[in-house]
Amino acid sequence: MKRLAWLGVRMRWAITRNTLRRRGTALFTLTLVACTIGALGGFATLASAGVADADIRRAILLFTFTLGLIAWMFGPLLMGGTDETVDPAPLSLLPLRRRELAAVMAGAAVSSPATIAVAVALLGAVVAGVGGGVVGGFIALLTAAALFCLGLGSSRSLASAMGLANRT
């Protein structure tokens, strides 16, 4: 499965390289700058919640996690940020089982600049949780991992459903 996930990563970046050849590097550079700013801003926001009072910290984290999940689900659809690696229909023609197809798509999904930026930002929640001790840090790590998986899965599922709706 790990080999197939790496295949998804290579496929994502091959598509990115081909897009750069056609459109130039300005948009890609702007995307990388925006992702870096978003990652650092998200990390700082979530990490700074660790020094606030418990009620304020809870409100900051709940608001940020909710807004982040909604933005992650609908943002790519509203901005046209989905690509060919999201759509399982062309990949279904390959002789892969569902589990293998899921591994390829997961590798492609996890390796995008925006996904990496979200992962860096969510590490700020872990830093905030460590302020509550080892148990708080562990719970924050589990929560950040759950939000990452939920956001990634729901975003990809919604993009696949929209791709299917566009074809019919």
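Numbering (the numbering used here), first residue to last: 7 to 174.
Note that the Cβ used here is the ideal one computed from N, Cα and C, for glycine as well.
- Task: Measure from the alpha carbon of I145 to the alpha carbon of each residue in L128, A45, L158 and S160, then state which is nearest.
- Result: L128
- Query: Rounded to the nearest angstrom, how far is the Cβ of A134 from that of G48, given a contact under 8 Å?
  - Reply: Actually they are not in contact, since the Cβ atoms of A134 and G48 sit about 12 Å apart, beyond 8 Å.
- Query: To the nearest angstrom, how far is it from the Cα of A165 to the Cα of L84?
  - Reply: 11 Å
- Query: CB A109 to CB K8, shorter than 9 Å?
  - Reply: yes
- Query: For P101, does the count of other Cβ atoms within 10 angstroms reach 16, so buried, or fall short, so exposed?
  - Reply: exposed
- Item | Counted within 10 angstroms of its Cβ, other Cβ atoms place F71 as buried (16 or more) or exposed | buried
- Query: When DSSP labels each residue in this structure, what does T31 get in the three-state scheme?
  - Reply: coil
- Roughly how many angstroms lie between the CA atoms of I21 and A32, to the nearest whole one? 16 Å
- Contact check, W78 vs S161, beta carbons under 9 Å: yes
- Query: Can you tell me where the alpha helix (DSSP H) with V126 in it begins and where it stops?
  - Reply: P119 to V136
- If you compare alpha carbons, which of E106, F80 and A120 is closest to A167? F80
- Under 6 Å Cβ to Cβ from A150, same chain only, skipping five residues before and after it: list those, please. L128, A131 and V132
- Message: What does the alpha-carbon distance come out to for the pair A11 and G113?
- Response: 4 Å
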